[in-house]
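So the protein sequences, as listed, match chains F and G.
Numbering-wise, the first sequence is residues 250 to 543 according to my numbering.
Numbering-wise, the second sequence is residues 268 to 678 according to my numbering.
Positions of the beta carbon are idealized from the N, C-alpha and C atoms, including for glycine.
Predicted model only: the values in this text are computed from it and were never measured.
What follows is a set of notes on a single structure, which appears directly below.
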Amino acid sequence: MDEIFGIPTPLLFGQLLLGLINGAFYAMLSLGLAVIFGLLNIINFTHGAQFMMGAFVAWMLLNYLGIGYWWALILSPLLVGLTGVILERTMICQLYKMDHLYGMLLTFGLSLILEGVFRNQYGSSGMPYRIPPELSGAWDLGFMFMPVYRGWVVVFALFACITTWLVIEKTRLGAYLRAATENAPLVQAFGVNVPRMITLTYGAGVALAALAGVLAAPIYSVNPQMGTNLIIVVFAVVVIGGMGSILGSVLTGFGLGIVEGLTKVFYPEASATVIFIIMVIVLLARPAGLFGRA
Amino acid sequence: MTTTRRSVLGGAAACGAALGGLPWRSARAQAANTIRIGVLNDMSGPYRDISGPYGLECARQAVQEFGNRGFNVEMINADHQNRPDIGVNIARQWYDQGVDMVLDVPTSSVGLAVANIAREKNKAYVNTGSATSDLTGPACTPNTVHWMYDTYMLAKSTGGAMVRAGGDSWFFITADYAFGHALERDTANFVRNAGGRVMGQVRYPFPATTDFSSFLVQAQASRAKVIGMANAGADTINTVKQAAEFGITRRGVKLAALLMFLPDVHALGLQTAQGLILTESFYWDLNDRTRAISERLRPRLRDVRPNMASIANYSATLHYLKAIADMGVAASKVAGVDVINRMKALPCDDDAFGAGSIRPDGRKLCPSYLFEVKAPSESRGAYDYYKLLQTTPAEEAFRPMSEGNCPMIRA
Chain F
250 MDEIFGIPTP
260 LLFGQLLLGL
270 INGAFYAMLS
280 LGLAVIFGLL
290 NIINFTHGAQ
300 FMMGAFVAWM
310 LLNYLGIGYW
320 WALILSPLLV
330 GLTGVILERT
340 MICQLYKMDH
350 LYGMLLTFGL
360 SLILEGVFRN
370 QYGSSGMPYR
380 IPPELSGAWD
390 LGFMFMPVYR
400 GWVVVFALFA
410 CITTWLVIEK
420 TRLGAYLRAA
430 TENAPLVQAF
440 GVNVPRMITL
450 TYGAGVALAA
460 LAGVLAAPIY
470 SVNPQMGTNL
480 IIVVFAVVVI
490 GGMGSILGSV
500 LTGFGLGIVE
510 GLTKVFYPEA
520 SATVIFIIMV
530 IVLLARPAGL
540 FGRA
Chain G
268 MTTTRRSVLG
278 GAAACGAALG
288 GLPWRSARAQ
298 AANTIRIGVL
308 NDMSGPYRDI
318 SGPYGLECAR
328 QAVQEFGNRG
338 FNVEMINADH
348 QNRPDIGVNI
358 ARQWYDQGVD
368 MVLDVPTSSV
378 GLAVANIARE
388 KNKAYVNTGS
398 ATSDLTGPAC
408 TPNTVHWMYD
418 TYMLAKSTGG
428 AMVRAGGDSW
438 FFITADYAFG
448 HALERDTANF
458 VRNAGGRVMG
468 QVRYPFPATT
478 DFSSFLVQAQ
488 ASRAKVIGMA
498 NAGADTINTV
508 KQAAEFGITR
518 RGVKLAALLM
528 FLPDVHALGL
538 QTAQGLILTE
548 SFYWDLNDRT
558 RAISERLRPR
568 LRDVRPNMAS
578 IANYSATLHY
588 LKAIADMGVA
598 ASKVAGVDVI
608 NRMKALPCDD
618 DAFGAGSIRP
628 DGRKLCPSYL
638 FEVKAPSESR
648 GAYDYYKLLQ
658 TTPAEEAFRP
668 MSEGNCPMIR
678 A
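This is the structure in structure tokens:
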């Protein structure tokens, strides 16, 4: 069969693959959000700005210090994660006993400030960041031309997601984390330093966003609003997957990337809306999300 | 001497009148002798670097160079966030509060909406930022002047050159709003008239799209020789960047940047942007006059060089102020149409665009230049980016008035 719904099959396969690649970004970002929400009960609206900072730090490392992509992949998440730790210690920790709304206001305000600062300094059209030479070039898959770098993004994102999931579900540290999510005072009574664990979890969630930012730097324009466009979609992904569900957010991220990719072929005008339509349907049918527990 | 309550009150009133009355009267006289210009543009979104704070500074430079000719000039600025509702509200408020002219207004959907307000309030409106050729076509008004560029001129220059070079089949990647539609329509007309074919198009949601790979793959599957990017700013940057990543240009498909500005090329870097063909009506390194004005703007713009959209604010403000000086401030406050008519009657001349004129339909005429982006080895440094390929004279650069369907012209 050459065509499916009037679309040539090779083109459709290509779109599925591209959707999967975009889904990799959604998955990585929503994973960080889900981890933070699960433990801190904070809806981290700064996530988009932190994704943007990850890309910018990679650019700064290259342009000011001559440090290339591979080191940036390690250093940028560490540096941005550190700012997350400072943020949590100085501001977010004041809000745990208050309503969700305050956390949202604080993190949303912070993201506006961060974007404004970067825009003032670097403008809005963005900075060039080249694909590392080891990953440039492309494979001819027959049905499409696949850049090596995009393949790397999918593989690396999958690796990061699986690692995070394993740490949370299969290690002792992860067990503490999950226990603290259920009943923090009890875990603290057993001698675990819960506040420090919370701080480090926030830092790790932020580092994941920054890691996604570094991955995005060579393919998207590195500009201050690069996170804004993505973050709203990512929130929808988290809501559809089920707030706080790690596996749910990863699977939904990849899944919705594919749905969006297909929409871009059949009706591109709706490609920015389709995820929200799904969100509405899921919320009506399963208010806790696809993988959430009511 | 007895002091009555009445004399105290009377004295206080007299003092008050003496102290407060004079400045009050002079403040009113001053307001009547002040021209207020509102620069409305994108200060925080995807089009910020094209004009935004730089466009504002260029307009300020014009006020400074114009000097004091018996009236004051006041300039205010706001961010319309590329949203027609916000832009319309600000423009309405400004006009009601005594702003005489609204300037800039990029983003065609906002630019068209503000044109209606200017007409309704009978004020002056000089659009330098929007691209849609409808501003001097079906949506033309006696209160609008459209400066420096539009979709027809871009389509004719870039589209025409691409078709002549053998690019006779096209696929469009179009931003799904007024500007993208106008640019796609105008270019497609040129392609068809030159005997070319349009193989297809995708319209993507603006401004919520960052990944264009899906559209690029669709464009490639259509086997078109040219991919026309009917978008601007960060969207064009992302499209070009991703087209390079997918090896589209290496396979012989040409990219046509239907609207691209100097800051976009700067953001892409020459490595990625080299070889792109684009059209602007201004380049800082074009001749002695453009170099002179760019040099004068340097303290205001710091390291950034002006492009046709930002410097159009300089040119337009200068010409507007000349018209005001010519007709007198009091006469200019009566009706916006009178000011626009005076602007049309006076010849334009400035360092940015040289000599020119404004047509009855509101179109400012100037030559358009077809440029090719230099390779990194050809560039002498930052902002040395363009090679001039071809010049279209002012009379031929824009759509003839007879084809524009402007109601003012038919009547």
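Verify the CB distance criterion: does Tyr650(G) have a CB-CB separation below 7 angstroms to chain F? Position 383 of the second sequence, counted from the first residue, corresponds to residue 650(G). Output row for Tyr650(G): interface = no.
So, helix, strand or coil for Arg572(G), using DSSP? Here residue 572(G) refers to the residue found at position 305 of the second sequence. Three-state DSSP puts Arg572(G) in coil, outside helix and strand.
Test item: CB-CB of Ile591(G) and Met610(G) under 7 angstroms: Position 324 of the second sequence holds residue 591(G). Position 343 of the second sequence holds residue 610(G). Their beta carbons are not under 7 angstroms apart, which means Ile591(G) does not touch Met610(G) by this criterion.
Any beta-carbon of chain F closer than 7 angstroms to the one on Thr506(G)? Numbered from its first residue, the second sequence carries residue 506(G) at position 239. So, not an interface residue.
Would you report the Cα separation of Leu526(G) and Asp616(G), rounded to the nearest angstrom? Counted from its first residue, the second sequence places residue 526(G) at position 259. Counted from its first residue, the second sequence places residue 616(G) at position 349. Approximately 25 angstroms between the Cα atoms of the pair.
Taking 7 angstroms as the threshold (C-beta atoms), are Leu265(F) and Ile481(F) in contact? By 1-based counting over the first sequence, the position of residue 481(F) is 232. By 1-based counting over the first sequence, the position of residue 265(F) is 16. No.
Beta-carbon within less than 6 angstroms of Met393(F)'s beta-carbon, same chain only, minus the 5 sequence neighbours each way: which residues are those? Sequence index remark: in the first sequence, residue 393(F) carries index 144 (1-based). Gly263, listed in sequence order.
Glu509(F) bridges to which residues according to DSSP? Taking the first sequence and counting its residues from 1, the one referred to as residue 509(F) is at position 260. BP columns for Glu509(F) are empty, so no partner.
Restricting to Cα atoms, I'd like to know which of Gln487(G), Ala391(G), Thr454(G) is closest to Ala428(G). Here residue 428(G) refers to the residue found at position 161 when the second sequence is read from its first residue. That would be Thr454(G), whose Cα lies nearest to the Cα of Ala428(G).
In the DSSP output, which residue or residues are listed as bridge partners for Arg517(G)? Within the second sequence, the letter at position 250 stands for residue 517(G). Looking at the DSSP assignment, Arg517(G) forms no beta bridge with any residue, so it has no partner.
Alpha carbon to alpha carbon, how far is Ala485(F) from Thr546(G)? Along the first sequence, one-based indexing puts residue 485(F) at 236. Along the second sequence, one-based indexing puts residue 546(G) at 279. Cα to Cα, the separation comes out at about 40 angstroms.
Under 8 angstroms (Cβ pairs) to chain F, residues found in the region 462–482 of chain G: Val469, Arg470, Tyr471, Pro472, Pro474, Ala475, Thr476, Thr477, Asp478, Ser480, Ser481, Phe482
From the DSSP output, in three-state form, read off Arg626(G) for me. As a working mapping, residue 626(G) is identified with position 359 in the second sequence. Note: Arg626(G) maps to coil in three-state DSSP.
What are the residues that DSSP puts in a beta bridge with Ala391(G)? Here residue 391(G) refers to the residue found at position 124 when the second sequence is read from its first residue. Met368(G), per the DSSP bridge assignment.
Any idea what DSSP makes of Asn356(G), helix, strand or coil? Here residue 356(G) corresponds to residue number 89 of the second sequence, with the count starting at 1. Residue state, collapsed to three classes: helix.
Ala465(F): which of Ala409(F), Leu324(F), Ala273(F) sits nearest, CA to CA? As a working note, residue 465(F) is residue 216 in the first sequence. When only C-alpha atoms are compared, the closest one is Ala273(F).
Consider the Cβ of Arg490(G): report whether some Cβ of chain F lies at a distance smaller than 7 angstroms. On the second sequence, position 223 is the one that residue 490(G) refers to. Chain F contact via Cβ: absent.
Any idea which residues DSSP pairs Asn258(G) with across the strands? No answer is possible for residue 258(G): the residues shown for chain G start at 268 and end at 678.
For Ile341(F), which three-state DSSP category applies? Here residue 341(F) corresponds to residue number 92 of the first sequence, with the count starting at 1. Helix.
Contacts that Pro313(G) makes with chain F (C-beta to C-beta distance below 9 angstroms): Taking the second sequence and counting its residues from 1, the one referred to as residue 313(G) is at position 46. The contacting residues are Ser373, Ser374, Asn472, Gln474.
Less than 7 angstroms between C-beta atoms, sequence neighbours within five positions excluded: which residues of the same chain meet that for Leu289(G)? Mapped onto the second sequence, residue 289(G) falls at position 22. In this prediction, Leu289(G) scores a pLDDT of 46, lower than 50, which makes its location untrustworthy; the coordinate-derived value is nonetheless stated afterwards. If we look at Leu289(G) and ignore the five residues flanking it on each side, it has no Cβ neighbours.
Who are the neighbours of Glu518(F) on chain G, taking C-beta pairs under 7 angstroms? The count along the first sequence starts at 1 and reaches residue 518(F) at position 269. What Glu518(F) touches in chain G: Asp443, Arg470, Pro472.
Would you kindly check if the distance between the Cβ of Ala391(G) and the Cβ of Val601(G) is under 7 angstroms? Position 334 of the second sequence, counting from 1, holds the residue named residue 601(G). Position 124 of the second sequence, counting from 1, holds the residue named residue 391(G). It is not a contact, given that the beta carbons lie outside the stated cut-off.
Could you check if Asp363(G) is buried or exposed, using at least 16 other CB atoms within 10 Å of its CB as the buried criterion? Here residue 363(G) refers to the residue found at position 96 of the second sequence. By the 10 Å Cβ count, Asp363(G) comes out exposed.
Mind checking which residues open and close the alpha helix (DSSP H) that includes Gly263(F)? One-based indexing of the first sequence puts residue 263(F) at position 14. From DSSP, the alpha helix (DSSP H) with Gly263(F) extends over 258–289.
Beta strand (DSSP E) segment containing Phe439(F), residue limits: Sequence index remark: in the first sequence, residue 439(F) carries index 190 (1-based). Per DSSP, Phe439(F) belongs to no beta strand (DSSP E) and is neither H nor E.
Express the C-alpha separation of Asn308(G) and Asn580(G) in angstroms, rounding to a whole number. On the second sequence, residue 580(G) is found 313 positions in, with the first residue counted as 1. On the second sequence, residue 308(G) is found 41 positions in, with the first residue counted as 1. Using only the alpha carbons, I get a separation of about 11 angstroms.
According to the neighbour-count rule (16 or more other Cβ atoms, all chains shown, within 10 Å of its Cβ), is Ile524(F) buried or exposed? The count along the first sequence starts at 1 and reaches residue 524(F) at position 275. Per the 10 Å Cβ criterion, buried.
Cβ-heavy atom distance between Leu464(F) and the ligand FAD below 6 angstroms? Among the components of this structure there are no ligands whatsoever, and the ligand FAD is therefore not found.
Along chain F, which residues have their Cβ under 9 angstroms away from the Cβ of Gly500(G)? Sequence index remark: in the second sequence, residue 500(G) carries index 233 (1-based). Here the neighbours are Ser373, Ser374.
Taking Gln264(F) as the query, report the chain G residues whose CB atoms sit under 9 angstroms from its CB, ordered along the chain. As a first step, residue 264(F) is located in the first sequence; it is residue number 15 there, counting from the start. Chain G residues near Gln264(F): Ser481, Val484, Gln485.
By the criterion of Cβ-Cβ separation under 7 angstroms, what are the contact partners of Met528(F) in chain G? As a working note, residue 528(F) is residue 279 in the first sequence. Near Met528(F) there are no residues of chain G at all, since even the closest Cβ is about 15 angstroms away, more than 7 angstroms.
Which first and last residues belong to the alpha helix (DSSP H) in which Asp653(G) is found? Translated into the one-based positions of the second sequence, residue 653(G) becomes position 386. Checking the sequence shown, residue 653(G) turns out to be Tyr, not Asp. First-last for Tyr653(G): 653–659, but that is the beta strand (DSSP E), not the alpha helix (DSSP H).
When you compare the CB positions of Ala321(F) and Gly462(F), do they come within less than 7 angstroms of one another, or not? Sequence index remark: in the first sequence, residue 321(F) carries index 72 (1-based). Sequence index remark: in the first sequence, residue 462(F) carries index 213 (1-based). In this structure, Gly462(F) does not lie closer than 7 angstroms to Ala321(F) by Cβ.
By the criterion of Cβ-Cβ separation under 7 angstroms, what are the contact partners of Leu535(G) in chain A? No chain A appears in this structure, whose protein chains are F and G.
By a C-beta neighbour count over all protein chains shown, 10 Å radius and 16 as the cutoff for buried, is Leu588(G) buried or exposed? On the second sequence, position 321 is the one that residue 588(G) refers to. So Leu588(G) counts as buried.
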